[in-house]
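To convert, note that position 346 of the sequence shown is 525 in this note's numbering; the numbers rise steadily by one, no gaps.
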Amino acid sequence: MMGNLFLQSPSWTTLLGTAGIFLVVHLIFSVFNQKGRREPPGPWPLPVLGNLLQLDFKSPYITLNELSKKYGPVFTFHFGPRKTVVLAGHKMIKQALVYSDAFSERNVPPVFHDMKLTHGVLFANGPSWKEMRHFSLTNMRDFGMGKKASEEKILEESQRLIDLFSEKKGKPFDPADPVNHAVSNIICSIVYGNRFEYDDPVFISMVERATKNSKLLGTPALQLYNSFPSLFKWVKARKDLMENVFANRRQMKELIKGLQETLNPQMCRGVADSFLARKMQLEASGNTDSHYHEDNLLATVNNLFAAGTDTTSSTIRYGLLLMAKYPKVQEKVQEEMSRVAGDRQIRVEDRKNLPYTDAVVHEIQRMSNTVPTTQRCTSRDVIFQDYFIKKGTPVLALLSSSLCDEDEWATPDTFNPAHFLDKEGNFRKRDAFLPFSAGARVCAGESLARMELFIFFTALLQSFHFTPPPGVSGDDLDLTQVVGITLSPVPHKLCAVSRI
Ligand code: HEM
180 MMGNLFLQSP SWTTLLGTAG IFLVVHLIFS VFNQKGRREP PGPWPLPVLG
230 NLLQLDFKSP YITLNELSKK YGPVFTFHFG PRKTVVLAGH KMIKQALVYS
280 DAFSERNVPP VFHDMKLTHG VLFANGPSWK EMRHFSLTNM RDFGMGKKAS
330 EEKILEESQR LIDLFSEKKG KPFDPADPVN HAVSNIICSI VYGNRFEYDD
380 PVFISMVERA TKNSKLLGTP ALQLYNSFPS LFKWVKARKD LMENVFANRR
430 QMKELIKGLQ ETLNPQMCRG VADSFLARKM QLEASGNTDS HYHEDNLLAT
480 VNNLFAAGTD TTSSTIRYGL LLMAKYPKVQ EKVQEEMSRV AGDRQIRVED
530 RKNLPYTDAV VHEIQRMSNT VPTTQRCTSR DVIFQDYFIK KGTPVLALLS
580 SSLCDEDEWA TPDTFNPAHF LDKEGNFRKR DAFLPFSAGA RVCAGESLAR
630 MELFIFFTAL LQSFHFTPPP GVSGDDLDLT QVVGITLSPV PHKLCAVSRI
């Protein structure tokens, strides 16, 4: 019996030979596509697993940065069976995102379908995205984005944040919640037309869930789910995420119901009111087939709230941490502000007279690397840098590679405001500074975020000196980031010592 089995079974040599041929064919197919066109190089993918064994799930962007040094600025990485083209360095990122129309679609991993976020702006595509992006930008500007009106709102909110920090009387505290709430209130005033009190339980839970979701989306479990949705559907991180998403959706619906009941289309209070007014107007004219429906309203409001809270707040908090770690830089900023503005509030128009402060705010953003990657996909077959990329291929722009490019920055891994100063001490713009990405899908809140970073930062530094808690030295302050869909500082405590 055993002898027969051996006789009928292929020999080891045959098995190894077949496996060898299979792997060679697989290799050839991974370098050239079916029509013999050259695709971007990359590490050799294993069947099914692709290159996942090479990925550091805790900080995938670091693995990809390292691989770009080996394979060049355009390379292929297989997230399991998903072939993805990665773009590294500001020249290549701009070449694709700004100078080609083939890369402006959003790749939408499975989890965002589950979250019902394929409408709105962030994860939408096609004519609906175009309309919602245009609508959001126009209306956010109408309600003050990038203008005096939002400057006033930010100055007012900074004062409340200062009052709250003052209550701590210089004792150590974690600035995460207060800064999250202050930043979130700016986008809430623009979207809903009003701010919330910091102790409002509805507001607290909305902000808490949004920041938790940002972290959950970066967990290894959810990354695996996006590569193998049917295998990892039941992971806890996905269950927690979905609970949060639907709780936030319920709360948003309540808030919007309140707006609807008190709506005066001639006196819109914010972006959500404008949407409701437009929807009513279109329905009254018999147009029931427009982009102005409930799913687009909920997704757009959700996008602006989520994209406008965690990003800016994490950057400000990282900035305060850096100030506590680098007291000499902090003193230089405070000295420049006192010299230029004395005790009065700093405003956006002061920025041109505060080159060192401006450089510090930019360097904080470079180091905080808040959005290390952005996901796109090709809208058509395209030849890019002599490589063929098929329509529908996910594309990952490694913004972090540009912010820490060794050829662009004198000390890429060290906090150094001189990166943004010329020899005379004037502010110097840098091409490789791409924290908001570029092209048709560049961050829709860039002007608001830039204003918030500058005003919150200067207002806080005018009022306080930030230090590590007693007994902790600056060297001990941990600059490591928590990796989610965005990066944020690890929980920490600081002291805000009054300067007044
Ligand atoms: C420091 C703060 C911020 C950073 C670093 C940041 C960064 C980014 C990045 C990298 C993208 C992806 C762009 C792309 O795909 O190429 C993005 C998209 C977006 N951001 Fe921001 N952002 C910030 C603040 C804000 C704020 C305050 C808002 C609120 C209005 C906002 C709203 C959006 C929206 C709606 C999109 C989607 C754009 C689209 O797909 O068309 N962001 N942001």
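We put the beta carbon where it would ideally sit given N, CA and C, even for glycine.
Residue range of the alpha helix (DSSP H) that includes residue i
| i | result |
| --- | --- |
| ARG320 | 305-321 |
| PHE425 | 415-440 |
| GLN338 | 327-345 |
| GLN720 | What is shown of the chain runs 180 to 679, which leaves residue 720 out entirely. |
| PHE375 | First-last for PHE375: undefined, no H or E at that position. |
| ASN405 | 399-406 |
| HIS292 | 289-293 |
| PRO172 | Residue 172 lies beyond the range of the chain shown here (180 to 679); nothing can be said about it. |
N- and C-terminal bounds of the beta strand (DSSP E) containing residue i
| i | result |
| --- | --- |
| ALA611 | Run containing ALA611: none; DSSP gives neither H nor E here. |
| LEU600 | Counting along the chain, LEU600 falls outside any beta strand (DSSP E), and DSSP gives it neither H nor E. |
| CYS674 | 674-677 |
| SER667 | 666-668 |
| THR553 | 553-556 |
| ALA486 | Note, ALA486: premise wrong, no beta strand (DSSP E); alpha helix (DSSP H) at 473-504. |
| VAL574 | 573-577 |
| GLN524 | Element bounds for GLN524: n/a, residue is neither H nor E. |
| GLN445 | That residue, GLN445, is in no beta strand (DSSP E); it is neither H nor E in DSSP. |
| ASP643 | For clarity, residue 643 is Phe in the given sequence; the question names Asp instead. 643-646 is the extent of the beta strand (DSSP E) around PHE643. |
| VAL662 | 660-662 |
Burial state of residue i (16 or more Cβ within 10 Å)
| i | result |
| --- | --- |
| HIS313 | exposed |
| PRO232 | The sequence given here has Leu at residue 232, not Pro. When all chains shown are included, LEU232 counts as exposed. |
| HIS654 | The identity of residue 654 in the sequence shown is Asp, whereas the question assumes His. The residue is exposed, with fewer than 16 neighbouring Cβ atoms inside 10 Å. |
| VAL680 | No information on residue 680 is available, as it lies outside the stretch 180 to 679 that the chain covers here. |
| ASN475 | buried |
| VAL204 | With a pLDDT of 47 at VAL204, under the threshold of 50, the modelled position of this residue cannot be trusted; read the value that follows with caution. Exposed: under 16 other Cβ atoms inside 10 Å. |
| VAL512 | buried |
| GLN187 | Confidence is the limiting factor: at GLN187 the pLDDT is only 41, short of 50, which leaves the residue's position unreliable and the question unanswerable from this model. |
| THR646 | buried |
| LYS348 | exposed |
| MET446 | exposed |
| PRO239 | buried |
| LEU499 | buried |
| GLN402 | buried |
| GLY487 | buried |
| ARG429 | exposed |
| GLN524 | exposed |
| PRO596 | buried |
| HIS598 | buried |
| GLY221 | buried |
| TYR404 | buried |
| ASP379 | exposed |
| PHE425 | exposed |
| ARG285 | buried |
| LYS327 | exposed |
| TYR278 | exposed |
| GLU542 | buried |
| GLN439 | exposed |
Nearest-angstrom beta carbon gap, residue j and residue i [assumed within contact, 8 Å]
| i | j | result |
| --- | --- | --- |
| LEU600 | PRO534 | 7 Å |
| VAL253 | MET271 | 6 Å |
| LEU656 | VAL265 | Not really, about 32 Å apart at Cβ, beyond 8 Å. |
| ARG620 | SER642 | With a Cβ gap of about 37 Å, ARG620 and SER642 do not count as contacting. |
| HIS257 | GLY229 | 3 Å |
| MET319 | LEU627 | 7 Å |
| THR549 | SER493 | 5 Å |
| ILE341 | GLU631 | Incorrect: roughly 15 Å between the Cβ atoms, too far for contact. |
| ALA538 | LYS273 | Contact doesn't hold; Cβ gap of about 22 Å is too wide. |
| LYS262 | THR255 | 6 Å |
| ALA303 | MET294 | Contact flag wrong, Cβ pair sits at about 13 Å. |
| LEU395 | ASP356 | About 18 Å separates the two Cβ atoms, so there is no contact after all. |
| PHE594 | TYR505 | 6 Å |
| ASN244 | LEU577 | 6 Å |
Proximity test, Cβ basis, 8 Å: residue i and chain B
| i | result |
| --- | --- |
| SER279 | This model lacks chain B altogether; it includes just one protein chain. |
Those runs of the alpha helix (DSSP H) which lie wholly inside the region 211-284 and span at least 4 residues: 239-250, 269-276
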